[in-house]
Amino acid sequence: MIDFLVIGGGIAGTSAAARLAPLGKTVLLERETSLGYHASGRSAALFEANYGLASTVALSEASADFHTNAYGGFLNPRGLMLVAKISEKIQFPRACKDLNMERITLAQAFEMVPILNPDVVGYTAYHEAAYDVDTDLEIQTFAKLTRADGGEVLTGQTVTDIQATDTGWIVTANGTAFETRMIFNASGAWVDEIAKMAGITPLGFTPLRRSMARLPAPGGHDVSGWPMLLGVKEDWYAKPDAGKLLVSPAEEHLQDPHDAWADDMVLAEGLARYEEVVTEPVTRVEHSWAGLRTFSPDRNLVLGPATDNPSFFWISGQGGYGFQTAPAASQLVADLVADRASELDATTIAALDPKRFG
Numbered sequence: 000m001i002d003f004l005v006i007g008g009g010i011a012g013t014s015a016a017a018r019l020a021p022l023g024k025t026v027l028l029e030r031e032t033s034l035g036y037h038a039s040g041r042s043a044a045l046f047e048a049n050y051g052l053a054s055t056v057a058l059s060e061a062s063a064d065f066h067t068n069a070y071g072g073f074l075n076p077r078g079l080m081l082v083a084k085i086s087e088k089i090q091f092p093r094a095c096k097d098l099n100m101e102r103i104t105l106a107q108a109f110e111m112v113p114i115l116n117p118d119v120v121g122y123t124a125y126h127e128a129a130y131d132v133d134t135d136l137e138i139q140t141f142a143k144l145t146r147a148d149g150g151e152v153l154t155g156q157t158v159t160d161i162q163a164t165d166t167g168w169i170v171t172a173n174g175t176a177f178e179t180r181m182i183f184n185a186s187g188a189w190v191d192e193i194a195k196m197a198g199i200t201p202l203g204f205t206p207l208r209r210s211m212a213r214l215p216a217p218g219g220h221d222v223s224g225w226p227m228l229l230g231v232k233e234d235w236y237a238k239p240d241a242g243k244l245l246v247s248p249a250e251e252h253l254q255d256p257h258d259a260w261a262d263d264m265v266l267a268e269g270l271a272r273y274e275e276v277v278t279e280p281v282t283r284v285e286h287s288w289a290g291l292r293t294f295s296p297d298r299n300l301v302l303g304p305a306t307d308n309p310s311f312f313w314i315s316g317q318g319g320y321g322f323q324t325a326p327a328a329s330q331l332v333a334d335l336v337a338d339r340a341s342e343l344d345a346t347t348i349a350a351l352d353p354k355r356f357g
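Below, the structure written as structure tokens:
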């Protein structure tokens with residue numbers, strides 16, 4: 000009998016497995032042949048603690064020490080710049096307030112990012128405390144921690160049946176039956192599908208596509224020291240990555256759970272919005288892809304036992320905040336299972352609790 004069976008090998012599932020493994024026999028099942036294949040592997044990989052709803056910010060702030068210091072740390076300096084056109088004067092102050100960013104002069108902005116167009120860009124703000132996350136290292140570290148505490152991390156495992164028993168559950172994957180006391184549903188865009196398979200009431204999660212393009216470094220510039228750029232309407236962003244520039248239209252288009260791909264028209268529209276504020280045109284897209292960012296109905300994460308069966312545990316609705324919240328979110332999961340006090344405040348825990356959906 001397994002104590003804890005985690006379904007899903009993205010950052011939510013691997014971090015939860017690592018926290019649960021010291022508490023009992025833990026097995027993680029991932030459908031793909033590698034960990035972090037879907038949303039986790041297609042993340043913008045930025046840690047910006049000010050970004051998101053109040054409960055997300057609380058989780059991010061509680062995760063900061065782990066990201067910075069645990070196992071040598073997983074962060075590298077990046078910075079975040081908010082970019083507004085001259086015509087976006089009204090939207091700019093509200094965006095600064097929402098993101099807790101300080102206005103900087105245009106001269107400072109142009110020095111940091113020399114391709115910004117002075118004829119178009121009218122307002123800029125900056126937050127230094129934004130960091131690149133080494134996403135693969137963090138996922139693999141959590142997987143190693145799971146194994147070090149006697150847990151198993153199994154890839155290439157497609158769950159085809161889930162049956163409740165008197166003592167827990169029997170989960171069938173690739174013809175093998177895993178008997179477990181508790182299920183932890185960290186299956187990303189498929190969380191409601193897994194719930195329905197288990198006879199648990201789905202919560203109405205929405206997988207939303209977000210596309211990305213990798214461009215050559217604009218104008219041959221060294222982009223390594225540039226901050227991430229964010230449009231004031233959050234309808235595009237650009238981020239340096241390994242000498243290239245990633246640009247996204249930041250769209251949220253409802254999709255069924257699947258291996259997502261970029262929509263060429265949506266991508267072109269996003270690239271056009273980015274091109275408006277820079278002097279270097281987009282001449283070539285080297286590669287494009289998409290991921291599904293999955294949200295709960297109120298856009299808070301869902302962390303806790305299902306109301307209709309407490310041995311089925313939701314770790315769901317990360318909505319693009321999976322990496323920056325994972326250390327604290329997974330710690331909360333373990334604290335709830337172990338029935339011990341959490342360092343998070345009661346308001347945050349309530350905002351994450353599945354009970355809020357009735």
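In numbering that gives the first Met the number 0, the protein residues as written are 0 to 357.
Using N, Cα and C, we set each Cβ at its ideal position, and we do this for glycine too.
Of all Cβ atoms in chain C, is any one closer than 8 Å to the Cβ of Lys-232?
-> Of the protein chains in the structure, only one exists, and it is not chain C.
Apart from the five residues on each side of it in sequence, which residues of its chain come closer than 6 Å, Cβ to Cβ, to Leu-144?
-> As a first step, residue 144 is located in the sequence shown; it is residue number 145 there, counting from the start. Around Leu-144: Ala-17.
Can you check the stretch 160 to 205 for any alpha helix (DSSP H) of at least 4 residues that lies completely inside it and give the ranges in chain order?
-> Counting only runs of 4 or more, we get 190 to 196.
Kindly indicate the opening and closing residues of the beta strand (DSSP E) around Lys-84.
-> Residue 84 sits at position 85 when you count from the first residue of the sequence shown. Where Lys-84 is concerned, the enclosing beta strand (DSSP E) stretches over 79 to 84.
Coil, strand or helix - Arg-355 by DSSP = Taking the first residue of the sequence shown as 1, we reach residue 355 at position 356. In the structure shown, Arg-355 falls within a helical segment according to DSSP collapsed to helix, strand and coil.
Inter-stretch contact at 8 Å, needing at least 3 Cβ pairs: the stretch 105 to 119 / the stretch 225 to 243 = Contact between the stretch 105 to 119 and the stretch 225 to 243 is present, because at least three Cβ pairs lie under 8 Å.
Give a yes or no on whether the C-beta atoms belonging to Tyr-125 and Ile-161 are separated by under 8 Å.
-> Within the sequence shown, the letter at position 126 stands for residue 125. Within the sequence shown, the letter at position 162 stands for residue 161. Contact: no.
What is the rounded straight-line gap between the Cα of Met-80 and the Cα of Leu-245?
-> As a first step, residue 80 must be located in the sequence shown, where it is residue number 81. As a first step, residue 245 must be located in the sequence shown, where it is residue number 246. Each residue's alpha carbon lies about 15 Å from the other.
Rounded to whole angstroms, how far is the Cβ of Ile-182 from the Cβ of Ile-6, which I believe are closer than 8 Å?
-> Mapped onto the sequence shown, residue 182 falls at position 183. Mapped onto the sequence shown, residue 6 falls at position 7. Going by Cβ atoms, the distance from Ile-182 to Ile-6 rounds to 7 Å, so yes, they are a contact pair.
Below 8 Å on the Cβ atoms is my guess for Ala-249 versus Gly-219; work out the distance and round it to an integer in Å.
-> Here residue 249 refers to the residue found at position 250 when the sequence shown is read from its first residue. Here residue 219 refers to the residue found at position 220 when the sequence shown is read from its first residue. The Cβ separation is near 26 Å, so there is no contact.
Tell me whether Lys-238 is buried or exposed, calling it buried when 16 or more other Cβ atoms sit within 10 Å of its Cβ.
-> Position 239 of the sequence shown, counting from 1, holds the residue named residue 238. By the neighbour-count rule (16 or more Cβ atoms within 10 Å), Lys-238 is buried.
For Ser-33, count neighbouring C-beta atoms within 10 Å of its own C-beta (all shown protein chains included) and say buried if the count is 16 or more, exposed if not.
-> Residue numbering aside, residue 33 sits at position 34 when the sequence shown is read from its first letter. Around the Cβ of Ser-33, a 10 Å sphere holds fewer than 16 other Cβ atoms; the residue is exposed.
What residues match up with Asp-131 in a beta bridge as DSSP calls it?
-> In the sequence shown, counting from the first residue as 1, residue 131 sits at position 132. In DSSP, Asp-131 forms a bridge with Leu-45, Asn-75.
Do Ser-210 and Ala-261 have their C-beta atoms closer together than 8 Å?
-> The residue you call residue 210 lines up with position 211 of the sequence shown. The residue you call residue 261 lines up with position 262 of the sequence shown. Cβ atoms of Ser-210 and Ala-261: closer than 8 Å.
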